[in-house]
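Here's the structure, in structure tokens; my notes come after.
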Amino acid sequence: METSETMQVKEMKFRIKQVSQKLDLPVSTIRYWQKEFAEYVDPERTNGGQRRYAGNDVDLLAQIKELVYVKKQSIDQAKKILQNGGRQVEGIDWTDQTILLTGGTGSFGKHFCRVMLEKHNPKVIRIYSRDELKQHEMRIEFGDDPRLRFFIGDVRDGKRLERAMDGADMVVHAAALKQVPACEYNPFEAVKTNVHGAQNVIDAAIDTGVKKVIALSTDKAVNPVNLYGATKLCSDKLFTQGNAYAGEKGTRFACVRYGNVIGSRGSVIPLFLNQKKSGTITITDDRMTRFWITLDEAVELVIKAFYYMEGGEIFVPRIPSMRITDLAEAIAPECKVEIIGIRPGEKLHESLTGEDEGRNTISYKGMYVILPNMSWWERKNYRGGEKLPENFVYTSDSNDAWLGVDELRRIVYGNEKITTPKMRVKAVA
Ligand SMILES: NC(=O)c1ccc[n+]([C@@H]2O[C@H](COP(=O)([O-])OP(=O)(O)OC[C@H]3O[C@@H](n4cnc5c(N)ncnc54)[C@H](OP(=O)(O)O)[C@@H]3O)[C@@H](O)[C@H]2O)c1
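Our numbering puts the first residue of the sequence shown at 5, with every later residue one more than the last.
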């Protein structure tokens, strides 16, 4: 219970200099935090514009000092903790974690680094990839952030991976050869990077005592129709079963699976935006549907998977679908549409879970989680997860969430208004 003395202290108002002395903080830091945490620290103003801090403001500044200086939370993390009533937010405390990220200079890798550095303040992220120029450009792009370290290396080189993983806590495996035609034309190379590389990552992680590894999978690994998909399916199997090789070392492996990232290089949005200038949009098949995932969502999924994984799972995000014809209408309603026929290796709809995976899949916290079907696996988490029917498959045409033309237009163009004349669809013989 509060005594009258403590109540009196709470009602007292302090000048910024007094607060600075009380909390042993520079005045400039108090001003900065007050701006950043304006929802929480809100001093009164005197008629002359001077700030007067109440007891509650001082308590909150003390709490922020503890979070930022002692618990080494970033400003964003500290805000989340305050929003959560002072309790640690569900998730991993990354501030003392060293992450090794293979393929760190790619589209996923760079976005992962951006989100982690801005929101989670990891101790270090080690980028592991082959090309020095991409690393140099990334170093500059990230303003020489001291939390980023750059390692030149190939995932085909197990010894180098082992050296790079020494002392790492977590590994994200994003390096891959991922262009379907390139993998078809150079099949040995695809196997060396996507399959042997996966095995090297697993071996090095176990041998160096890494705690958790997440590997990136793709929709193309479900019922694969090309070599890229087949190598990724193989990689998924290696990671799922990698848990059995870890033995007492305790390293845990899981995968995250999603489809084409919207807006990434070579994807359909940049293609349509470019074609828009010519007045004609090409569509391979007007029945085609796709899932819609952004890089932000892909990164969040990986972060979430690290938290929930026990080993052997494949995490699939629950995301909306879209019809390709709706996207074309959203982007270029004035354009003529040519149907050019489905390409070899292209699917009408994306699948994120296969028919054989349905019986092991649960719906959990906004994701589908494909649980491993292995004798060594003991389920501890996932209480409250909803078991799905035996024949469950998650495909872009059978989804229950869809983005319509207006929503797609808003996402691509922001709030810009565009009138929508009816599209003219012309089939090419
Ligand atoms: N983009 C998508 O739409 C999508 C969808 C589903 C799943 N995925 C999966 O997500 C992962 C990342 O994709 P992304 O879009 O970020 O690919 P990306 O932009 O092509 O980047 C690939 C990264 O891997 C590195 N790399 C390639 N071969 C390597 C090797 N042998 N050793 C070490 N590093 C190597 C590349 O750098 P260097 O060339 O310098 O080595 C680059 O940093 C991949 O596993 C992919 O299968 C992507």
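Glycine included, every Cβ here is placed at the ideal spot set by N, Cα and C.
Collapsed DSSP secondary structure at residue i in the structure displayed
i: T222; result: strand
i: C339; result: coil
i: I124; result: Sequence inspection shows His at residue 124; the Ile mentioned does not correspond to that position. Helix, per DSSP.
i: M174; result: strand
i: I415; result: helix
i: R256; result: strand
i: P321; result: strand
i: A42; result: coil
i: W406; result: strand
i: F295; result: strand
i: V373; result: strand
i: I85; result: helix
i: R19; result: coil
i: Y232; result: helix
i: F192; result: helix
i: I34; result: helix
i: A168; result: helix
i: K182; result: coil
Residue i, buried or exposed, once every other Cβ within 10 Å from all chains shown has been counted against 16
i: H140; result: exposed
i: T50; result: exposed
i: I129; result: buried
i: A180; result: buried
i: K127; result: exposed
i: N377; result: exposed
i: D223; result: buried
i: Q87; result: exposed
i: M16; result: exposed
i: D360; result: exposed
i: G52; result: exposed
i: I344; result: exposed
i: G90; result: exposed
Beta-carbon contacts of residue i that lie in its chain and below 6 Å, excluding the five residues immediately before and after
i: P47; result: R55, R56, Y57, D61
i: W37; result: I68
i: I307; result: none
i: C238; result: V199
Residue i vs residue j beta-carbon contact at 8 Å
i: V226; j: G349; result: no
i: V217; j: T255; result: yes
i: A178; j: F112; result: yes
i: C259; j: S221; result: yes
i: V214; j: V175; result: yes
i: T235; j: N264; result: no
i: T284; j: K340; result: yes
i: T293; j: S325; result: yes
i: G162; j: N204; result: yes
i: Y44; j: L27; result: no
i: I210; j: F243; result: no
i: G362; j: F319; result: no
i: F155; j: Y132; result: yes
i: A172; j: T102; result: yes
i: T357; j: Y398; result: yes
i: M169; j: T212; result: yes
i: G388; j: V373; result: no
i: K196; j: Y232; result: no
i: F41; j: K83; result: yes
Contact set for residue i: own chain, Cβ-Cβ below 8 Å, skip 5 residues either direction
i: V31; result: I20, K21, S24
i: L375; result: G316, E317, N364, T365, I366, W381, R383, Y386
i: V229; result: G349, K351
i: E136; result: I156
i: G110; result: S133, A178, A179
Cutoff 7 Å; reference residue i; Cβ partners in own chain excluding five residues on either side
i: T329; result: I287, D290
i: K114; result: M142
i: I323; result: F295, W296, I297, E301
i: A309; result: I218, A258, V260, F319
i: P321; result: Y262, I297, E301, L305, M371
i: I34; result: I20, V23, S24, L65
i: S400; result: T293, R294, F295, S325, H353, E354
i: I266; result: I273, W296, I297, T298
i: L412; result: M326, D330, L331, A334
i: Y96; result: Reading off the sequence, residue 96 comes out as Ile, not Tyr. Cβ within range, chain order: F310, Y311.
heavy atom of ligand 3 below 7 Å from residue i C-beta
i: R56; result: This structure does not include ligand 3; its bound ligands are ligand 1.
Legend entry - At least three beta-carbon pairs within less than 8 Å, the segment 405-416 to the segment 322-336: yes
Legend entry - Sufficient close CB pairs (3 or more, under 8 Å) joining the segment 62-74 to the segment 129-147: no
Legend entry - the segment 188-200 / the segment 278-285 touching (three or more Cβ pairs under 8 Å): no
Inset, instruction - Indicate whether the contact test is met: 3 or more Cβ pairs, each with one atom in the segment 71-87 and one in the segment 145-152, closer than 8 Å. - result: no
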